[in-house]
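**Q** Please read through the structure below; I'll follow up with questions.
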Amino acid sequence: DAKTTQPPSMDCAEGRAANLPCNHSTISGNEYVYWYRQIHSQGPQYIIHGLKNNETNEMASLIITEDRKSSTLILPHATLRDTAVYYCIVGRFGGATNKLIFGTGTLLAVQP
Amino acid sequence: DSGVTQTPKHLITATGQRVTLRCSPRSGDLSVYWYQQSLDQGLQFLIQYYNGEERAKGNILERFSAQQFPDLHSELNLSSLELGDSALYFCASSANQGVREVTGNEQFFGPGTRLTVL
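Structure representation (structure tokens):
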């Protein structure tokens, strides 16, 4: 599975968009990009995933560059409850197993 | 609420003891995953079961074992406990339809069991 690189921490003002970057320069053609978050010792929560097209759901948007070597998770209007560690995970999901290999993630602190 | 339940929420025990953590997956999910989160190691995949069979193994110690029962609930058994086994243990489930490629196969995590070994 490809490795990912994320900044260790970021700040964002409440109500503003939070843009969380992730580098995955060794991603292969059949690997997906998944984003999860963990709010203070709770179980991780799935946010969004994509292969090569940009994706949007009720929680966030995922922008993947054309060469797929990096992506950005966008929380359009961050709230205090979005303060969490955000994990970008790359892997070939599906088939018999889709274990998640977590890195160190980005601690997003949303400031009032 | 993810639909995944884990018991107990907290467990305090002594070194050398054995404990069992229990997980009930979301209704209909066939795969169960176990993860360990400690302060120094972060979130680590331990083991996966699919419909009662072991599917993938990660950094699981030989002192640890797991199984998935016919009703799809799973148990993680930790024996000869050491101080370093103190951690949060999470269970997750997914639909995972076996060998057929499935996208959007996200995992749903339970609230975790906090194990403290004294």
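One line per chain: the protein sequences are X and D, in this order. Sequential numbering from 10 applies to the first sequence in the numbering used here. Sequential numbering from 43 applies to the second sequence in the numbering used here. C-beta: ideal position from N, C-alpha, C; glycine also.
(1) Could you tell me which of D:58, D:55, D:56 and D:62 sits nearest to residue 49 (chain D), measuring between CA atoms?
(2) Measuring only the C-alpha atoms, how far is residue 94 (chain D) from residue 110 (chain D)?
(3) Just confirm the distance between the C-beta atoms of residue 26 (chain X) and residue 109 (chain X), as a whole number of angstroms; I'd bet it's less than 8 Å.
(4) Counting only beta-carbon separations shorter than 8 Å, does residue 110 (chain X) have a partner in chain D?
(5) What residues match up with residue 129 (chain D) in a beta bridge as DSSP calls it?
(6) Under 8 Å, with one C-beta from each stretch per pair, do the region 150 to 160 of chain D and the region 92 to 106 of chain D reach the 3-pair mark?
(7) Just confirm the distance between the C-beta atoms of residue 46 (chain D) and residue 68 (chain D), as a whole number of angstroms; I'd bet it's less than 8 Å.
(8) Straight-line CA distance for residue 80 (chain X) to residue 96 (chain X)?
(9) Note down the Cα distance separating residue 41 (chain X) from residue 28 (chain X), rounded to an integer number of angstroms.
(10) Going by C-alpha to C-alpha distance, which of X:23, X:60, X:24 and X:68 sits closest to residue 39 (chain X)?
(11) Can you tell me whether residue 58 (chain X) is buried or exposed? The criterion is at least 16 other CB atoms within 10 Å of its CB, across all chains shown.
(12) Counting only the same chain and skipping the five closest in sequence on each side, list residues whose C-beta sits under 6 Å from that of residue 112 (chain X).
(13) Quick one: what's got a C-beta closer than 6 Å to residue 43 (chain X)'s C-beta in the same chain, skipping five residues either side?
(14) Quick check on the burial criterion: 16 or more other C-beta atoms within 10 angstroms. Buried or exposed for residue 136 (chain D)?
(15) Would you identify the three-state DSSP class for residue 85 (chain D), choosing helix, strand or coil?
(16) From this set, X:17, X:74 and X:68, which residue's C-alpha is nearest residue 2 (chain X)'s C-alpha?
(17) Leaving out the 5 sequence neighbours to the left and right, which residues in its chain are closer than 8 Å to residue 19 (chain X) when beta-carbon positions are compared?
(18) Please list the segments of the beta strand (DSSP E) lying wholly inside the region 39 to 109 of chain X, counting only runs of 3 or more residues, in order along the chain.
(19) In this structure, how does DSSP classify residue 80 (chain D) when only helix, strand and coil are distinguished?
(20) Using the rule of at least 16 other Cβ atoms within 10 Å of the residue's Cβ for burial, across every protein chain shown, is residue 21 (chain X) buried or exposed?
**A** Answer, in terms of the structure:
(1) Ranked by Cα distance from residue 49 (chain D), the options D:58, D:55, D:56 and D:62 are led by D:62.
(2) Between residue 94 (chain D) and residue 110 (chain D), the C-alpha separation is close to 5 Å.
(3) About 26 Å separates the two Cβ atoms, so there is no contact after all.
(4) Yes, residue 110 (chain X) counts as interfacial toward chain D.
(5) BP columns for residue 129 (chain D) point to D:157.
(6) No: the two stretches stay apart, fewer than three of their Cβ pairs being nearer than 8 Å.
(7) With 8 Å as the limit, residue 46 (chain D) and residue 68 (chain D) qualify as a contact, their Cβ atoms being about 6 Å apart.
(8) A straight line joining the alpha-carbon of residue 80 (chain X) with that of residue 96 (chain X) spans about 12 Å.
(9) Whole-angstrom Cα-Cα distance: 19 Å.
(10) Each of X:23, X:60, X:24 and X:68 was checked against the Cα of residue 39 (chain X), and the nearest Cα belongs to X:60.
(11) Its Cβ being crowded by 16 or more others within 10 Å, residue 58 (chain X) is buried.
(12) Closer than 6 Å at the Cβ level, and outside the excluded window around residue 112 (chain X), lie 13.
(13) Within the same chain, residue 43 (chain X) has close Cβ partners 58 and 98.
(14) Under this definition residue 136 (chain D) is a buried residue.
(15) Here residue 85 (chain D) sits in strand by DSSP.
(16) Outside the modelled stretch of chain X, which goes from 10 to 121, sits residue 2 (chain X), for which no answer is possible.
(17) Taken in chain order, the residues that qualify are 27, 29, 115, 116, 117 and 118.
(18) If one requires a minimum length of 3 residues, the beta strand (DSSP E) runs lying completely within the region 39 to 109 of chain X are 41 to 47, 54 to 59, 70 to 73, 79 to 84 and 93 to 100, in chain order.
(19) Secondary structure of residue 80 (chain D) (DSSP, three-state): strand.
(20) Around the CB of residue 21 (chain X), 16 or more other CB atoms lie within 10 Å, so the residue is classed as buried.
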